Each structure stands twice: as C-alpha cells, then as structure tokens.
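For reference, the structure discussed in these notes is given below.
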Amino acid sequence: MLLASNHMFPNGPIEGVFERLKRAGAGGLDLFLPHIPYLLDGRFGPKNLALCRQAAEAAGLPIKGIIGAPLQNNPGFGAYLGADADKGRAESVAFIRHNVDLAVALGASHVCIAEGRCPDGADEREMWGRLVRTLKECAAIAEPKGVTIQIELHPGLIASTPEKAPRLIGEVGSKAVRICLDFCHANVITGGDPVGMIRALKGTLGAIHIADGIQVPGLHLPIGQGEIDVDACIRAVKEGGGDGPWVLCMYGNAFPEMTLRTAVRFLKERHPDILA
Numbered sequence: 296m297l298l299a300s301n302h303m304f305p306n307g308p309i310e311g312v313f314e315r316l317k318r319a320g321a322g323g324l325d326l327f328l329p330h331i332p333y334l335l336d337g338r339f340g341p342k343n344l345a346l347c348r349q350a351a352e353a354a355g356l357p358i359k360g361i362i363g364a365p366l367q368n369n370p371g372f373g374a375y376l377g378a379d380a381d382k383g384r385a386e387s388v389a390f391i392r393h394n395v396d397l398a399v400a401l402g403a404s405h406v407c408i409a410e411g412r413c414p415d416g417a418d419e420r421e422m423w424g425r426l427v428r429t430l431k432e433c434a435a436i437a438e439p440k441g442v443t444i445q446i447e448l449h450p451g452l453i454a455s456t457p458e459k460a461p462r463l464i465g466e467v468g469s470k471a472v473r474i475c476l477d478f479c480h481a482n483v484i485t486g487g488d489p490v491g492m493i494r495a496l497k498g499t500l501g502a503i504h505i506a507d508g509i510q511v512p513g514l515h516l517p518i519g520q521g522e523i524d525v526d527a528c529i530r531a532v533k534e535g536g537g538d539g540p541w542v543l544c545m546y547g548n549a550f551p552e553m554t555l556r557t558a559v560r561f562l563k564e565r566h567p568d569i570l571a
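So for the sequence shown, this note's numbering puts the first residue at 296; every next one is plus one.
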C-alpha cells in the first residue's frame with residue numbers, strides 16, 4: 296500500500312484533502328496532525344480524533360502512521376539533548392507517550408520522529424548514551440500497544456549516517472524502534488549513494504519515504520525530476536528484506552497531485568506490489 300500525507304495539501308478542509316489524495320492514487324495515510332484544525336486542541340481533541348479516523352476511512356484511506364505531533368509545553372523528542380538530562384529525558388518520553396496514544400486512537404501503527412542534532416560543544420558520546428536510554432524507555436511504551444517508533448534520518452542529525460543508524464538500532468534492541476529512510480535525505484547524507492546507505496541499513500528499516508531529489512537538503516522532487524535512481528533504491532530495500540510501509544513523502548512540494556500521480560504510474564510499471 297502506498298501511503299501519502301495530508302501535508303502535501305496544507306490548506307483546505309481535511310475531508311477535501313483526503314478526497315484529493317484518494318483520487319490521485321493514495322492507498323492510505325501517513326497523517327501530519329498539525330495541519331488538521333483543532334485536532335490537537337485539548338478541549339476538542341478526543342472527539343475530533345475519532346471523527347478524523349472516521350473521515351479518513353470513509354475516503355478509503357486508513358491511517359497507518361502519524362508524523363510526531365507537538366505536546367503543549369513540551370519541546371519535542373529532542374528534549375533529551377538539553378542541559379538537564381533527567382528533565383529532558385522525561386520530556387522526550389512524554390512526547391512519545393502522547394504520540395503513541397494518538398496513533399492508537401487513530402488506528403495507526405507507527406510514529407515518525409527525528410532523533411535530534413547534537414548541540415554545539417556537547418560531548419557526542421554522552422548525547423548518544425542519552426538517546427539510547429531514552430529510546431529504550433520509549434520502546435517499552437510503544438511495543439505493548441503495537442506501535443513502532445520510526446526514526447527518520449536527516450542530514451546532520453546525531454544518528455543519521457550509514458554507520459551510526461544500525462548501531463543505534465542494535466543498542467536500543469527493540470523491534471518497536473526502526474529506521475525510517477527517505478531517499479531524498481539518504482542522497483544528501485551520502486553525497487549521492489542512497490542505494491549504498493540502504494544496503495548498510497539492512498535489517499533496521501521500517502518506513503520508506505519515496506522521493507526523488509538533488510543535493511539540496513529537504514528538497515523532495517517528483518520521481519524523474521532529480522538525480523536519484525528511485526527504482527534501484529526500491530529494489531535495494533526489497534533485496535534487504537524491507538517491505539515498508541511505503542510513503543510518498545513530499546513535504547514542501549508545490550505540485551502534489553502531479554507528484555502523486557507520477558509516483559503511482561511509476562509504481563504500477565515497476566513495483567505494482569507496493570500499490571496492492
């Protein structure tokens with residue numbers, strides 16, 4: 296199943312966004328919660344979560360994953376990197392607990408986060424140890440609820456290299472923590488060798504973000520408009536035993552419907568199993 300995100304259409308009623316995604320060929324949702332009005336407002340949230348799930352399912356788009364959503368007065372998962380290690384870890388764990396609960400309410404099975412950037416001047420070994428301890432605690436929350444924490448690698452973050460990411464998964468040691476690999480980010484991280492990075496991450500991969508790109512961080516392009524051999528990347532994922540979830544990740548892309556239709560045509564020709 297090919298998932299797509301409502302962040303491709305950041306404006307407009309959410310029901311209309313779901314319908315546009317379905318018409319363009321999406322099979323399910325990787326939901327970006329901050330773009331849904333009132334959904335994270337504590338006064339309305341519980342009922343609106345139920346209505347959001349209902350609207351998505353009515354459009355034929357089951358919610359399979361969410362992109363980590365903010366928690367009031369909480370700096371996000373990267374809080375563990377702060378000056379107060381204990382306070383930061385508690386805030387990071389609270390952020391994950393909040394998002395695991397959201398995922399369960401929406402019927403989703405994975406939460407996508409980023410691991411954070413090592414602060415300037417900080418001891419990287421200490422920050423690494425904090426990350427591992429925090430993720431172990433978070434995994435103990437997520438695993439019993441059937442939710443996987445997907446760590447999306449980005450250029451410059453603390454574990455976002457072909458060498459460090461597998462080490463992180465090994466040290467955390469939980470099936471509830473996986474690597475989310477975006478072809479666009481992998482291309483920048485490796486200076487043009489996303490296939491090599493995919494092979495290095497064999498056995499650690501969870502969600503796969505399909506995108507073309509060039510050597511510009513964060514620039515997600517339609518398939519065929521960049522320098523990435525998307526077909527080779529997908530084949531490398533499959534050869535390593537990866538089977539998704541597969542997500543069309545196009546944050547900030549200005550032409551979402553064209554991009555989604557292009558991806559669906561490409562997958563029908565090369566990888567129809569992803570659309571099944």
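Each residue gets a CB set at the ideal place from its N, CA and C atoms; glycine is no exception.
From a predicted model like this one, the values you see are computed outputs, not experimental measurements.
At the C-beta level, residue 437 and residue 395 come within 7 Å of one another. Under the three-pair Cβ rule at 8 Å, the stretch 448-464 counts as touching the stretch 495-502. Judged by DSSP secondary structure, residue 501 falls within the beta strand (DSSP E) whose first and last residues are 500-505. Taking 8 Å as the upper bound for CB-CB distance, residue 526 and residue 565 are in contact here, some 5 Å apart. Residue 350 is a Cβ neighbour of residue 310, given a cutoff of 7 Å. Here residue 393 carries a helix assignment [DSSP, helix/strand/coil].
C-alpha of residue 514 to C-alpha of residue 418: approximately 30 Å in a straight line.
Secondary structure at residue 560: helix, using DSSP grouped into helix, strand and coil. Between residue 347 and residue 306, the alpha-carbon positions lie close to 16 Å from each other.
Residue nearest to residue 563 within the set 320, 301, 315, 314 is 320 (criterion: CA-CA distance).
At a cut-off of 4 residues, the continuous stretches assigned as alpha helix (DSSP H) that sit fully inside the stretch 350-423 are 380-401. Between residue 503 and residue 557, the C-beta gap is not smaller than 7 Å, which leaves the two residues out of contact. Between residue 551 and residue 296, the CB-CB gap reaches or exceeds 7 Å. Close CB contacts of residue 535 within its chain, under the 8 Å cut and outside five residues either way in sequence, are with 493, 494, 496, 497, 498, 500 (chain order).
Scanning its chain for C-beta atoms nearer than 8 Å, with the 5 sequence neighbours on each side dropped, one finds around residue 571 the residues 296, in chain order.
Counting along the chain, residue 299 sits inside no alpha helix (DSSP H); it lies in the beta strand (DSSP E) bounded by residues 297-299.
Residue 547 is positioned such that its CB atom lies no closer than 7 Å to that of residue 523.
Here DSSP, grouped into helix, strand and coil, assigns residue 483 to helix.
Residue 542 and residue 329 have their C-alpha atoms some 18 Å from each other. Within the same chain, Cβ atoms closer than 7 Å to the Cβ of residue 386 are found at 369, 370, 374, the five residues on either side in sequence being excluded.
Spanning the alpha carbons of residue 466 and residue 427 requires a straight line of approximately 7 Å.
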